[in-house]
Amino acid sequence: MKHSICILGSTGSIGTQALDVISQHEDRYEVYALTANNKVELLAKQARQYNPAAVVIANEERYDELKALLSDRPDIKVYAGAQALCDIVEAGPIDMVLTAMVGFSGLEPTIHAIRARKKICLANKETLVVAGELICQLAEEYHVPILPVDSEHSAIFQSLVGEGDNEIEKILLTCSGGPFRKFTQEQLQTVTAADALKHPTWDMGAKITIDSATLMNKGFEVMEARWLFGVPADRIQVLIHPQSIVHSAVQFADGSVKAQLGVPDMRLPIQYAFSFPERLHLNGPRLDLFKSHDLEFLEPDVEKFRCLQLAFDAIHRGGNMPCIVNAANEIVNEAFRHDRCSFPQMADIIGETMQRATFSATPTLDTYLQTDAEARRIASELL
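Under our numbering, read the sequence shown as residues 1279 to 1661, first letter to last.
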């Protein structure tokens, strides 16, 4: 039987690559639902190619446009709005949900998918950043597997397969360093969004590419790894690895280190999350170690890239502080992309928001929703 998949965020970088994986294995996978935030034309095109039972456009103002584009396809149901995203993941035929939405908006649909006992292929790292403890509790309660799709967390997961209860001494989380790795503090004052979007090794969406340039993305991945693998943050080490060949590694109690290597291709971790524990053939380039450059590993500069340090500060504070950081980061990330703040100001505003927002040591889902709204308001005012 084919596995039926719902893709939350099918028009983004992860979503489009996931559809390519599905195309390579049409005997194994079929699409039940596709969703997008605003890209109605691409969503309609995907719907015609993959014939899902339903499509959802999160922006309700684009509903009529999407409905018109699919007016000749009455077999495809068209929905709109945040509640529709939460409802669609609960559909009975769905076996797994790929959460590839960007930002805080992925939290509630993921919670609904877990409660509906759907396998979660997690590409929306903000879900664990904001509410890692809650998500892990729900996954345990409903006996739902969470398979990581981030290349780094997939690498860690692959390194742990077969290790059972062997003690993890350290997680080695790699990072390309982004386009500004060699820049001085003075040079960072004048970089633009166009500069930041030129990632040296990965082809990703705009939001995550900016987060990679500030290293906030790596801070978020530390938070994500903490919850996925049950390892405290002080045993997760960030390594700058410009070649992006070693996607991450695990060091065990005996000093042995296991790593996963490969070319920078997000389809591999996407497919592994779909097929685990099987490994399926994947069309694409292979890693040639004879042609690879020397592999470098460097310490990150947390004074120059303060967002990484702010992320660690949030982890150590706990409670709803990671939620505050995430909300402020989403505001300044968008502002930087639209030339409304400088590169260094992003960290300044996030840090100030952390000081001003209401702290809760024992947050609930309602707390997270209130915190997100408050932190966004504060960061917007600071802009």
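We put the CB at the ideal spot given by N, CA and C, even for glycine. The structure presented is a predicted model; accordingly, all values stated were derived computationally and were not measured.
In this model, SER1432 and ALA1332 are separated by some 29 Å (Cα to Cα). Taken atom to atom, the span from the alpha-carbon of TYR1420 to that of ASP1617 is near 44 Å. Annotation: the segment 1454 to 1528 contains the following complete segments of the beta strand (DSSP E) (minimum length 3 residues), in chain order: 1514 to 1518. Rounded to the nearest angstrom, the Cβ distance from PRO1330 to VAL1309 is 5 Å, consistent with a contact under 8 Å. Non-local beta-carbon contacts of ILE1434 in its own chain, meaning distances under 7 Å to residues more than five positions away in sequence, involve ILE1449, ALA1503, PHE1507, SER1526, VAL1528 in chain order.
Secondary-structure assignment with DSSP links VAL1309 through a beta bridge to ILE1283. THR1405 sits in a helix when the DSSP states are folded into three classes.
When the alpha-carbon of ILE1523 is set against those of LEU1344, CYS1453, GLU1556, VAL1580, the nearest one is in CYS1453. Pairing LEU1416 with ILE1392 gives a Cβ-Cβ distance under 7 Å. Here the segment 1382 to 1402 makes no contact with the segment 1510 to 1517; the two share fewer than three CB pairs at distances below 8 Å. One Cα belongs to PRO1563, the other to PRO1547, and the distance between them is close to 14 Å. Looking at GLU1338, ILE1366, VAL1439, the one whose alpha-carbon comes closest to that of PRO1555 is VAL1439. TYR1357 has VAL1334 as its beta-bridge partners, per DSSP.
SER1282 is the residue among SER1282, SER1288, SER1638, PRO1510 whose C-alpha sits nearest the C-alpha of ALA1369. The residues PRO1520, in chain order, have a CB closer than 6 Å to that of GLU1574 in the same chain once the five nearest residues on each side in sequence are set aside. Taking 8 Å as the upper bound for CB-CB distance, ILE1488 and ALA1378 are not in contact here, some 17 Å apart. Annotation: the continuous alpha helix (DSSP H) that includes LYS1323 extends over 1318 to 1328.
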